[in-house]
Amino acid sequence: ALGQAVQFQEYVFLQFLDLDKAPSPQKFQPVPYILKKIFQDREAAATTGVSQDLCYVKELGVRGNVLRFLPDQGFFLYPKKPFQASSCLQKLLYFNLSAIKEREQLTLAQLGLDLGPSSYYNLGPELELALFLVQEPHVWGQFTPKPGKIFALQSVPWPQGALRFNLLDVAKDWNDNPQKNFGLFLEILVKEDRDSGVNFQPEDACTRLRRSLHASLLVVTLNSDQCHPSRKRR
Amino acid sequence: AAIPVPKASCKNLCHRHQLFINFRDLGWHKWIIAPKGFMANYCHGDCPFSLTVSLNSSNYAFMQALMQAVDPETPQAVCIPSKLSPISMLYQDNNDNVILRHYEDMVVDECGC
């Protein structure tokens, strides 16, 4: 009976944490730098007794009290007939937003793409990254991007290192209409620069890029139950 | 009428005690990344009428302690947290999301009657 009582109490507290039950992850995910920094800053402020506004993330300049780092659950595409001859990499990016509760308001959705430390030198300057919104459902594994099914969001010439994209409107739409979340289509194009004199091996470079590419979505939400707009700091 | 004043030794008076919450003891270390635990503290001790003024007491505690002195069947004023502070928690859910949240009222900074 005591064990059941403890379990019940734990369940009630976990609901307070917005968890249905205690998670049991198989392995810990790496903690991104920004979350680590915010955590350490808040701990330092608590230690020194500095008053904090828990509903404002000053490091990101947005209101919010829950920060989630969502891993990409998509996959690489290996079309038999490449989308374009110069296509180096194609990937479907997919982020599961189901953890966001109804009463949470999205205030930031930032896509992070890390191409790896040596992307510029490996691929040369003639690199272009294109990001599309997938607008129609497709059969997994048989995805063929066609005009009309994807909507161009952004194009970045000469990308390198870590890139950030503001996807707040897109994420709000996905959150309001989960059935419309078909993910994003990412393509990296390479133009071979024969005049540069660089001994360029696109296949090797693209293989390395596939290995080093890392995508994630940082989402900040504001829970109105915990952050009242009229509440004044004492 | 003179009110009998119960004697209370200093160590039994309402004050903050240390309580470290170790997430490993709760089995929560499997999903909480940081912190490993935190000093939550707790309040415990007597709130005798004679000291309700000096023990960071509320007006209500003073009145209750006064009534208790007159009528012993009235329960004594209780020792409770009077100032709490938040902590931040980094944890992982079942979708492999890494989450940072701030929770209010997790650490007892001060106690009172």
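Protein chains in written order, with the working numbering: chain A, 716 to 949; chain B, 1150 to 1262.
The C-beta atom is built at its ideal place from N, Cα and C for all residues, glycine as well.
A contact between stretches requires three or more CB pairs, one per stretch, nearer than 8 Å, and the stretch 802-810 of chain A fails this requirement with the stretch 1221-1239 of chain B. DSSP places Thr822/A in the strand class (E or B) of the three-state scheme. Not one beta carbon of chain B lies nearer than 9 Å to the beta carbon of Gln894/A. Contact check for Gly898/A and Gly831/A: beta-carbon distance about 22 Å, past the 8 Å limit, so the pair fails to qualify. Between Leu823/A and Leu775/A, the C-beta spacing is below 9 Å.
Leaving aside the five residues that flank His1178/B on each side, the residues in its chain whose CB is nearer than 6 Å to its CB run, in chain order, Phe1172.
Taking C-beta atoms as the reference points, Leu846/A and Leu868/A count as a pair closer than 9 Å.
For Tyr1209/B, DSSP records no beta bridge to any residue. If you ignore the 5 residues before and after Glu1259/B, its C-beta comes within less than 6 Å of the C-beta of Ser1231, Lys1232, all in its own chain and listed in chain order. For Ser766/A and Ile1236/B, the gap between their C-alpha atoms comes out near 12 Å.
For Glu758/A, the enclosing alpha helix (DSSP H) has its first and last residue at 748-763. Around Val746/A, the beta-carbon contacts reaching into chain B at under 7 Å are Ile1182, Leu1239, Val1247. Between Pro740/A and Asp1242/B, the gap from beta carbon to beta carbon is short of 9 Å. For Ala845/A, the pairing in a beta bridge is given by DSSP as Ser870/A, Glu902/A. If you ignore the 5 residues before and after Gln1167/B, its C-beta comes within less than 7 Å of the C-beta of Met1188, Asn1190, all in its own chain and listed in chain order. Counting every other CB atom within 10 Å of its CB across the protein chains shown gives Thr763/A a total below 16, marking it as exposed. The C-beta of Glu1222/B comes no closer than 9 Å to any C-beta of chain A. The Cβ-Cβ distance between Val934/A and Leu785/A falls below 9 Å.
At a C-beta separation below 8 Å, Asp1242/B has these neighbours in chain A: Leu734, Pro738, Pro740, Ala814. Measuring C-alpha to C-alpha distances from Phe791/A to each of Ala930/A, Arg778/A, Asn938/A, Leu883/A identifies Ala930/A as the nearest. By the neighbour-count criterion, in which a residue is buried when 16 or more other Cβ atoms sit within 10 angstroms of its Cβ, Gly1261/B is buried. Straight-line measurement puts the Cα of Asn938/A at about 20 Å from the Cα of Asn1244/B. For Ile1236/B, the chain A residues whose C-beta falls within less than 7 Å of its own C-beta are Ala761, listed in chain order. Close partners of His1251/B in chain A (Cβ separation under 7 Å): Arg757, Leu769, Asn780.
Distances from the CA of Trp889/A to each of Tyr726/A, Arg757/A, Leu812/A, Leu807/A were compared; the closest alpha carbon is that of Leu812/A.
Only exposed fits Phe1169/B, as fewer than 16 other CB atoms lie within 10 angstroms of its CB. Any Cβ of chain B closer than 9 Å to the Cβ of Gln724/A would place that residue at the interface, and such an atom is absent. Residue range 1181-1183 is occupied by the beta strand (DSSP E) that includes Ala1183/B. At a cut-off of 9 Å between beta-carbon atoms, Leu1175/B makes contact with chain A.
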